[in-house]
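So the sequences go chain by chain: A and B. In terms of UniProt numbering, the first sequence opens at residue 1 and continues consecutively. In terms of UniProt numbering, the second sequence opens at residue 1 and continues consecutively.
Protein chains: 2
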Amino acid sequence: MDDKKKITIKDVAKHACVGLGTVSRAINGASGISPKTRKRVFESIKELGYTPDVIAQSMRSNKYKNIAFFIDISNVAFSKIAKGIQYELDNLGYILSLCDIGDKNVIEKVMTFMNGRKFDGIILSLPREDDQELHQFFSSIKIPIVTLDRDIPDIPAGITTDYFSSVKKATHYLLSLGHKGIALIGGSRHIRPTRVSIDAFQEAYNEKSIPCPEDLILEGQLTSEFGRRAIYDLLPKIRSGQVSAIFTLNNQIFQGVLHVLRENNLEYPKDISLITFEDYELTQLLNPSVTVIRRPLLEMGKSVSRILIKYIEEPDLYGKIAPSVIPTEFIIRDSCKFL
Amino acid sequence: MDDKKKITIKDVAKHACVGLGTVSRAINGASGISPKTRKRVFESIKELGYTPDVIAQSMRSNKYKNIAFFIDISNVAFSKIAKGIQYELDNLGYILSLCDIGDKNVIEKVMTFMNGRKFDGIILSLPREDDQELHQFFSSIKIPIVTLDRDIPDIPAGITTDYFSSVKKATHYLLSLGHKGIALIGGSRHIRPTRVSIDAFQEAYNEKSIPCPEDLILEGQLTSEFGRRAIYDLLPKIRSGQVSAIFTLNNQIFQGVLHVLRENNLEYPKDISLITFEDYELTQLLNPSVTVIRRPLLEMGKSVSRILIKYIEEPDLYGKIAPSVIPTEFIIRDSCKFL
DNA sequence: TCTTCAATAGGAAACGTTTCCATGGTTTTG
DNA sequence: CAAAACCATGGAAACGTTTCCTATTGAAGA
Chain A
1 MDDKKKITIK DVAKHACVGL GTVSRAINGA SGISPKTRKR VFESIKELGY
51 TPDVIAQSMR SNKYKNIAFF IDISNVAFSK IAKGIQYELD NLGYILSLCD
101 IGDKNVIEKV MTFMNGRKFD GIILSLPRED DQELHQFFSS IKIPIVTLDR
151 DIPDIPAGIT TDYFSSVKKA THYLLSLGHK GIALIGGSRH IRPTRVSIDA
201 FQEAYNEKSI PCPEDLILEG QLTSEFGRRA IYDLLPKIRS GQVSAIFTLN
251 NQIFQGVLHV LRENNLEYPK DISLITFEDY ELTQLLNPSV TVIRRPLLEM
301 GKSVSRILIK YIEEPDLYGK IAPSVIPTEF IIRDSCKFL
Chain B
1 MDDKKKITIK DVAKHACVGL GTVSRAINGA SGISPKTRKR VFESIKELGY
51 TPDVIAQSMR SNKYKNIAFF IDISNVAFSK IAKGIQYELD NLGYILSLCD
101 IGDKNVIEKV MTFMNGRKFD GIILSLPRED DQELHQFFSS IKIPIVTLDR
151 DIPDIPAGIT TDYFSSVKKA THYLLSLGHK GIALIGGSRH IRPTRVSIDA
201 FQEAYNEKSI PCPEDLILEG QLTSEFGRRA IYDLLPKIRS GQVSAIFTLN
251 NQIFQGVLHV LRENNLEYPK DISLITFEDY ELTQLLNPSV TVIRRPLLEM
301 GKSVSRILIK YIEEPDLYGK IAPSVIPTEF IIRDSCKFL
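The structure is reproduced here in structure tokens:
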């Protein structure tokens, strides 16, 4: 009935007997308006049931209250990170728009997604750090961008997870159990988590003055396929006792490894010791349970959002805030045996 | 340098020596423009590197190319469904905006999320179907809404998963193995998947003329806490042999159950047989592997998106398209024993 | 050849805000 | 007490489109 016409700022102005600008100032909490008038305006707003039109607001102000998030949805970490991001953005009054870059043609996906759209900021978790085309594309965008655990030139990191200390601790743990032949299966050095983990792995060996078996550091992709292939190649060395432990750097690789071990009737920790990244239902409920490095995924999501929003609201700070360093945790369970 | 000013439709018009309306018509593929002119306009667009301003377009056209998706992010099904939705929306030129309603205050979350925002449509996966407040809120919204596997008055279902036949098949399977005391642990009857599953469960018993043990149908929430509590109460009956199989209706309940079984040194399938909903890394990699009912999550996401977009683009059809019926699959693995 | 009609084109108005500028009133200052 | 400074206020202009109305053109019909 009475909602046949949309209520606009003009109606509010008329109802409160003030000018357009005054209503706008009241809404935006701007200065240059007396408390008395502001109160009157809010009364009219309430009485008329007025809600600002966000599109019209965006049009004038170039603020969209909208954040784009690029990530590989297939990673188990995704859900919890997304939950953290959504939680925090909601608190701060922003919307989360999601783009999956789990499949091959990342640049194409990114470009069609961004095409003509308006966002206030971007959270980026790219599958590799050295893609020139992508780097160029994102450099050409003039809004705040932060990475989630990636080192990309010209794009500040929102958060940075401290893999180094836990990986070193985990490696020391294996060495102290008597393992010498530890195979490390990860992504590529072009991605921060893997790169840092490899460095820590090597340093752990060095600190114990044990030569690090470089040929057991297997770089590939963070997929179960790569996990399967890698472990398959290792089977002879496992059987000969040359390799007695496997350290996988993400859940997908871990799952691939586990599959092949099963197929070959190899049991852990009897035949092989296991450590992996990412603590989730699988590592907890497997029997025996699996020793892991845990990242606080929810907190990572919240943290990265907070930094991005700060950059958006204070553009002068852009790139000047040190990324939050997120601690990790080494959790010993039952998947490694004493040699 | 030359990008100090934004290129607008006016610049294109000037460059192509045509009027504003003509450029607009060209962009939107509208009629009333000759092929020759259209070509010239497109040349200018390309030459100037013009991209339409989506905000200004939205302002005039009331189209936003933006879909809101409400779901409990903590459910394992979420990732794959989201992947399917994002994939399809991307194809159709829409953006996916995500809102987590996994925590308690659903209505509050929904309202702050929607507050003043503009979407073309909504995909809804509510934690219960009988929340009056929510129902009222969504009824007051005048854009297309579809549910994901929920029966909610006045809101058409986008898809509907066929639980009935697989649950019946699964129950028959257990009965044929000699199990009589099967405990069914699910959510509440106020949610379609659980309701349909209970019906199928009962019918399976009836078809075999075996009295259905109504007291073993446990309704609660789809959480691991409820799973723990339910199984805990069942322990005496398991030990006495009164209950020999457990059928859990979602992954979170299943995980809770598994935890308690472990804590009590009960092994499956030796001490208890298990069947659960949702096929994922855990059910595949557990040893023994777990017999499951699988839903094609990716396809569910794609399907529901397609229907929603159809409703958006042809408003006359709203509510008139029968929801896609999504089949499920019963996969027998090693978690049930022959009594 | 003149009239009619359809197709194409141009551009003003409108969408609902924010921002800026001008105005008038009040307070401060010397 | 006059001048200066300040503040609240109203409203026009602008943001970049789409839509509608009007004008022009050329073809078809008589």
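Backbone N, C-alpha and C fix where the C-beta goes; we use that ideal spot for every residue, glycine too.
- So which residues on chain B does A:MET300 lean against when the C-beta distance must stay under 7 Å? Those do not exist, as A:MET300 stays about 15 Å from chain B at its closest Cβ, beyond 7 Å.
- Query: Hey, quick one: how far does the alpha helix (DSSP H) through A:GLU281 stretch, first residue to last?
  - Reply: Segment 281 to 285, the alpha helix (DSSP H) holding A:GLU281.
- Message: With a threshold of 6 Å on Cβ separation, who are the neighbours of A:LYS118 within its own chain once the five nearest residues in sequence on each side are excluded?
- Response: The residues are TYR64.
- Residues of chain A with a CB under 9 Å from the CB of B:GLN221: which are they? The contacting residues do not exist; B:GLN221 stays about 18 Å from chain A at best.
- Query: Is B:ARG294 helix, strand or coil by DSSP?
  - Reply: DSSP places B:ARG294 in strand when its eight states are reduced to three.
- Query: What's the call for B:LYS5, buried or exposed, on a 16-neighbour Cβ count within 10 Å?
  - Reply: Around the CB of B:LYS5, fewer than 16 other CB atoms lie within 10 Å, so the residue is classed as exposed.
- Limits of the beta strand (DSSP E) - the one that A:PHE330 falls within: Judged by DSSP secondary structure, A:PHE330 falls within the beta strand (DSSP E) whose first and last residues are 329 to 331.
- Task: Determine, using beta carbons only, whether B:CYS99 and B:LYS109 come nearer to each other than 9 Å.
- Result: With contacts defined as CB atoms closer than 9 Å, B:CYS99 and B:LYS109 qualify as a contacting pair.
- Message: Short of 7 Å in beta carbon distance, which residues of its chain neighbour B:ILE33, apart from the five on each side in sequence? Order them along the chain.
- Response: The residues are THR22, ARG25 and ALA26.
- When DSSP labels each residue in this structure, what does B:VAL18 get in the three-state scheme? Of the three classes helix, strand and coil, the one that applies to B:VAL18 here is coil, per DSSP.
- Message: I'd like to know whether the C-beta of A:ASP90 is nearer than 9 Å to at least one C-beta of chain B.
- Response: Yes, because at least one Cβ of chain B sits closer than 9 Å to the Cβ of A:ASP90.
- Item | Contacts of B:ALA52 in chain A (Cβ-Cβ under 8 Å) | For the record, residue 52 of chain B in the displayed sequence is Pro; it is not Ala. Those within 8 Å of B:PRO52 in chain A are GLY116.
- First through last residue of the alpha helix (DSSP H) which encompasses A:PHE226: Taken as a continuous stretch (DSSP letters only), the alpha helix (DSSP H) holding A:PHE226 covers 224 to 239.
- For A:MET1, decide whether its Cβ has a neighbour in chain B, counting only Cβ atoms nearer than 9 Å. Low local confidence applies: a pLDDT of 36 at A:MET1 is under 50, so the model's placement there is unreliable, with the coordinate-based value given in what follows. Output row for A:MET1: interface = no.
- Of the choices B:ILE143, B:LEU216 and B:ASP72, whose alpha-carbon is the least far from that of B:ASP316? Out of B:ILE143, B:LEU216 and B:ASP72, B:ILE143 has the C-alpha closest to the C-alpha of B:ASP316.
- Item | From B:ILE191, B:GLN57, B:LYS337 and B:VAL196, residue whose alpha carbon lies closest to that of residue 372 of chain B | Lying before the first or after the last residue shown, residue 372 of chain B is absent from chain B, which here runs from 1 to 339.
- Tell whether a beta-carbon distance below 9 Å holds between A:SER335 and A:LEU286. Taking 9 Å as the Cβ cut-off, A:SER335 and A:LEU286 qualify as a contacting pair.
- Item | Alpha-carbon to alpha-carbon, A:ALA68 and A:GLY301 | If you take the alpha carbons of A:GLY301 and A:ALA68, they lie about 13 Å apart.
- Rounded C-beta distance between B:VAL243 and B:ALA200? I'm assuming under 8 Å. Contact between B:VAL243 and B:ALA200 fails: their C-beta atoms lie close to 19 Å from each other, not under 8 Å.
- Item | Those runs of the alpha helix (DSSP H) which lie wholly inside the stretch 181 to 210 of chain B and span at least 4 residues | Qualifying alpha helix (DSSP H) stretches, in chain order: 192 to 207.
- Message: What does DSSP give as the partner residue(s) for A:ILE55 in the beta ladder?
- Response: DSSP, once it has assigned bridges, lists no residue as partnering A:ILE55.
- What in chain B is Cβ-close to A:SER58, meaning under 9 Å? Correct list: ILE55, SER58 and MET59.
- Message: Going by the DSSP bridge assignment, what does A:THR147 pair with across the sheet?
- Response: For A:THR147, which the question treats as bridged, DSSP gives the partners A:LEU124 and A:ALA157.
- Message: Whole angstroms are fine: how far does the CA of A:PRO269 sit from the CA of A:ALA230?
- Response: Distance from the CA of A:ALA230 to the CA of A:PRO269, rounded to the nearest whole angstrom, comes to 19 Å.
- Listed by chain order, chain B residues near A:THR37 by CB distance under 7 Å: Simply none; closest approach about 23 Å.
- Message: Per DSSP, what are the beta-bridge partners of B:SER97 in this structure?
- Response: DSSP output for B:SER97 lists A:SER97 and B:ALA68 as bridge partner(s).
- Query: Which residue from B:SER74, B:ILE101, B:ASP103 and B:ASN66 puts its Cα closest to that of B:ILE85?
  - Reply: Proximity to B:ILE85 across B:SER74, B:ILE101, B:ASP103 and B:ASN66 peaks at B:ASN66, based on C-alpha coordinates.
- Does the beta carbon of B:LYS337 come closer than 9 Å to any beta carbon on chain A? Not an interface residue.
- Query: Distance, Cα to Cα, B:ALA56 vs B:ILE7?
  - Reply: When rounded, the separation of the alpha-carbon atoms in B:ALA56 and B:ILE7 is 13 Å.
- Of all the options B:LEU48, B:GLU43, B:ARG40 and B:ALA30, which has the alpha carbon lying nearest to the alpha carbon of B:ASP11? Nearest to B:ASP11 by C-alpha distance, out of B:LEU48, B:GLU43, B:ARG40 and B:ALA30, is B:LEU48.
- Take the Cβ of A:GLU263 as the centre, count every other Cβ of all protein chains shown within 10 Å, and call the residue buried at 16 or more, exposed below. Under this definition A:GLU263 is an exposed residue.
- Query: Is there a Cβ from chain A that is less than 9 Å from the Cβ of B:VAL76?
  - Reply: So, interface residue.
- Query: Can the beta-carbon of A:ILE312 be found closer than 9 Å to that of A:ASP120?
  - Reply: Result yes, Cβ atoms of A:ILE312 and A:ASP120 sit closer than 9 Å.
- Query: DSSP three-state call for B:SER166: helix, strand or coil?
  - Reply: Here DSSP, grouped into helix, strand and coil, assigns B:SER166 to helix.
- Task: Could you confirm whether any beta carbon from chain A is found closer than 9 Å to the beta carbon of B:ILE145?
- Result: Not a single C-beta of chain A is nearer than 9 Å to the C-beta of B:ILE145.
- Message: With distance defined between alpha-carbon atoms, name the residue in A:SER97, A:SER74 and A:ASP103 nearest to A:MET114.
- Response: Taking only the C-alpha atoms, the option nearest A:MET114 is A:SER97.
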